[in-house]
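Scroll down for the structure; my scribbles are underneath it.
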């Protein structure tokens with residue numbers, strides 16, 4: 021049995037406001053209601069807290085002026101115009117898109133360079149064939165000649181020199 | 240993913256103001272104007288009670304909405320829109336009160352020597368009324384006394400009280416706004432109302 025004038029605990033007092041706000045669990049609510057039924061101090065405490073809440077209704081409710089939204093939007097626009105270029109939304113978006121495009125260009129360029137490098141190094145057998153194509157084209161003739169010594173002798177022979185001279189005159 | 244399953248994964252998507260804010264994120268100016276109109280009176284009222292000045296309240300409310308707009312690109316619905324809005328408002332109110340206190344300190348320290356004139360009508364009124372406890376206060380006097388009582392609260396108590404009183408926010412929502420647990424909000428509000436009572440019982444019959 022709770023005494024009529026028993027002092028309240030800190031915990032009970034802190035539950036009073038939550039009780040008035042409807043924020044207590046069912047069990048806590050019942051405990052508070054039992055206490056209120058038996059304890060005058062609790063009832064007085066609760067009433068005074070409720071009065072404080074009602075007194076706050078005296079505070080006037082202030083309203084924004086009718087053109088508040090328009091003014092806010094106008095101020096925002098003005099603010100955006102005065103914002104440095106680097107902080108403006110459209111500039112940031114353009115910068116973002118620009119850096120993405122640049123990034124992709126770099127990736128493509130790197131890919132191309134990589135492709136070229138891979139193709140040229142290490143040299144493939146096809147590259148050697150292409151490089152020696154003029155020799156391969158005349159390979160049968162070179163085989164018939166047999167050796168380099170023969171060509172050297174031919175170059176220094178008087179008959180060959182005379183033949184070359186005649187051919188040059190004929191061309192002129 | 241359709242709208243119903245999105246709302247199931249993110250409960251805040253069912254908040255119509257969150258939907259408006261998502262349109263603001265896509266630069267929809269009409270949606271922003273609608274949001275401002277939905278909340279302008281509530282934000283101005285809270286600031287006005289905290290700062291005691293309609294003009295300062297309007298300026299701060301405007302700054303609140305401007306911050307909302309500037310933050311639109313990174314907006315993700317992780318709370319009710321009102322919770323997010325009042326969190327911004329709370330930060331601005333705390334900053335405004337801090338700088339207003341600093342200004343007052345500067346004024347007092349640079350003032351003339353001799354007996355300090357407070358120049359605060361509330362203070363004079365409180366002293367006058369304290370001498371006449373039985374006198375019936377008129378509404379204007381009572382409002383002044385309530386403002387004075389609110390001054391005895393700290394910033395968090397004051398904001399929690401106003402969100403509770405004027406916005407009828409639950410402890411859970413107040414907790415989200417002030418970044419506190421619901422049990423911390425419970426003790427915050429309990430202390431706030433007890434502090435108010437301690438002050439007001441000198442003037443109002445309890």
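Residue numbers (the numbering used here), protein chains in the order written: chain A, 21 to 192; chain B, 240 to 445.
For each residue, glycine too, the CB sits at the ideal point set by N, CA and C.
Flag residue i as yes if its beta-carbon sits less than 8 Å from any beta-carbon of chain A, otherwise no.
i, result
"residue 294/B", "no"
"residue 432/B", "yes"
"residue 360/B", "At residue 360/B, the pLDDT of 42 sits below 50, so the modelled position is not reliable; the number obtained from the coordinates is stated separately. No - not a single Cβ of chain A is within 8 Å of the one on residue 360/B."
"residue 396/B", "no"
"residue 301/B", "yes"
"residue 304/B", "yes"
"residue 366/B", "Low per-residue confidence applies at residue 366/B: pLDDT is 47, beneath 50, and the placement is therefore not dependable enough to give any value."
"residue 385/B", "yes"
"residue 354/B", "Since pLDDT at residue 354/B reaches only 37, below the 50 mark, its modelled position is unreliable, and no value is offered."
"residue 260/B", "no"
"residue 265/B", "no"
"residue 426/B", "yes"
"residue 272/B", "yes"
"residue 369/B", "Here the model assigns residue 369/B a pLDDT of 46, short of 50, so the residue's position is not dependable, and the following value carries that caveat. Chain A, which has no Cβ nearer than 8 Å to the Cβ of residue 369/B, makes this no."
"residue 416/B", "no"
"residue 315/B", "no"
"residue 381/B", "yes"
Alpha helix (DSSP H) containing residue i: first to last residue?
i, result
"residue 441/B", "Element bounds for residue 441/B: n/a, residue is neither H nor E."
"residue 392/B", "Looking at the DSSP string, residue 392/B is not in any alpha helix (DSSP H), and its letter there is neither H nor E."
"residue 66/A", "60-75"
"residue 43/A", "From DSSP, residue 43/A is part of no alpha helix (DSSP H); its letter is neither H nor E."
"residue 100/A", "88-102"
"residue 414/B", "410-417"
Kindly say whether residue i, judged by its beta-carbon, lies nearer than 8 Å to any beta-carbon of chain B.
i, result
"residue 62/A", "no"
"residue 147/A", "no"
"residue 43/A", "yes"
"residue 49/A", "no"
"residue 193/A", "The requested residue 193/A is not part of the displayed model; chain A covers only 21 to 192."
"residue 99/A", "yes"
"residue 68/A", "yes"
"residue 14/A", "Because chain A in this structure spans residues 21 to 192, residue 14/A falls outside the shown range and cannot be described."
"residue 27/A", "no"
"residue 87/A", "no"
"residue 114/A", "no"
"residue 84/A", "yes"
"residue 38/A", "yes"
"residue 76/A", "yes"
"residue 93/A", "yes"
"residue 56/A", "no"
"residue 127/A", "no"
"residue 34/A", "yes"
"residue 122/A", "no"
"residue 138/A", "no"
"residue 72/A", "yes"
Give me the residue from the options with the minimum Cα distance to residue i.
i, options, result
"residue 98/A", "305/B, 321/B, 314/B", "305/B"
"residue 440/B", "64/A, 129/A, 168/A", "64/A"
"residue 308/B", "278/B, 260/B, 437/B", "260/B"
"residue 416/B", "442/B, 294/B, 292/B, 327/B", "327/B"
"residue 66/A", "82/A, 95/A, 33/A", "33/A"
"residue 321/B", "399/B, 412/B, 283/B", "412/B"
"residue 405/B", "285/B, 276/B, 249/B, 428/B", "285/B"
"residue 339/B", "323/B, 394/B, 257/B", "394/B"
"residue 297/B", "264/B, 317/B, 331/B", "331/B"
"residue 30/A", "437/B, 429/B, 442/B", "429/B"
"residue 424/B", "445/B, 402/B, 273/B", "402/B"
"residue 379/B", "39/A, 49/A, 76/A", "76/A"
"residue 249/B", "279/B, 294/B, 323/B, 317/B", "317/B"
For a test of your reading of the model: does the CB of residue i fall under 7 Å from any non-hydrogen atom of the ligand NAD? Yes or no.
i, result
"residue 68/A", "With respect to small molecules bound, the structure shown includes none, and the ligand NAD cannot be examined in it."
(message) Quick check for students: name the residue ranges of the alpha helix (DSSP H) that lie wholly in the stretch 260-311 of chain B, counting only runs of 4 or more.
(response) Complete alpha helix (DSSP H) runs here, min 4: 268-290, 293-309.
(message) Measuring CB atoms only, is the stretch 267-281 of chain B touching the stretch 379-394 of chain B, in the sense that at least three cross pairs come out at less than 8 Å?
(response) The stretch 267-281 of chain B, when compared against the stretch 379-394 of chain B, does not touch it at the 8 Å Cβ threshold.
(message) Whether or not the stretch 321-339 of chain B and the stretch 112-123 of chain A are in contact is what I'm after, with contact meaning three or more pairs of Cβ atoms, one per stretch, closer than 8 Å; do they touch?
(response) Flag = no, the stretch 112-123 of chain A and the stretch 321-339 of chain B do not touch.
(message) In chain order, what are the residue ranges of uninterrupted beta strand (DSSP E) at least 3 long that sit wholly in the stretch 109-177 of chain A?
(response) Qualifying beta strand (DSSP E) stretches: none in this window.
(message) Within 8 Å, do at least three Cβ pairs link the stretch 67-79 of chain A to the stretch 428-437 of chain B?
(response) With a cut-off of 8 Å, the stretch 67-79 of chain A and the stretch 428-437 of chain B count as touching, because enough Cβ pairs lie within range.
(request) Spell out a yes or no on whether the stretch 377-384 of chain B and the stretch 42-62 of chain A are touching, meaning 3 or more CB-CB pairs, one atom from each, closer than 8 Å. (result) Contact annotation: the stretch 377-384 of chain B does not touch the stretch 42-62 of chain A, with fewer than three C-beta pairs closer than 8 Å.
(request) Report yes or no: do three or more beta-carbon pairs, one from the stretch 311-325 of chain B and one from the stretch 293-302 of chain B, lie closer than 8 Å? (result) The stretch 311-325 of chain B is not in contact with the stretch 293-302 of chain B.
(request) Indicate whether the contact test is met: 3 or more Cβ pairs, each with one atom in the stretch 286-294 of chain B and one in the stretch 161-178 of chain A, closer than 8 Å. (result) The answer is no - the stretch 161-178 of chain A does not touch the stretch 286-294 of chain B, with fewer than three Cβ pairs under 8 Å.
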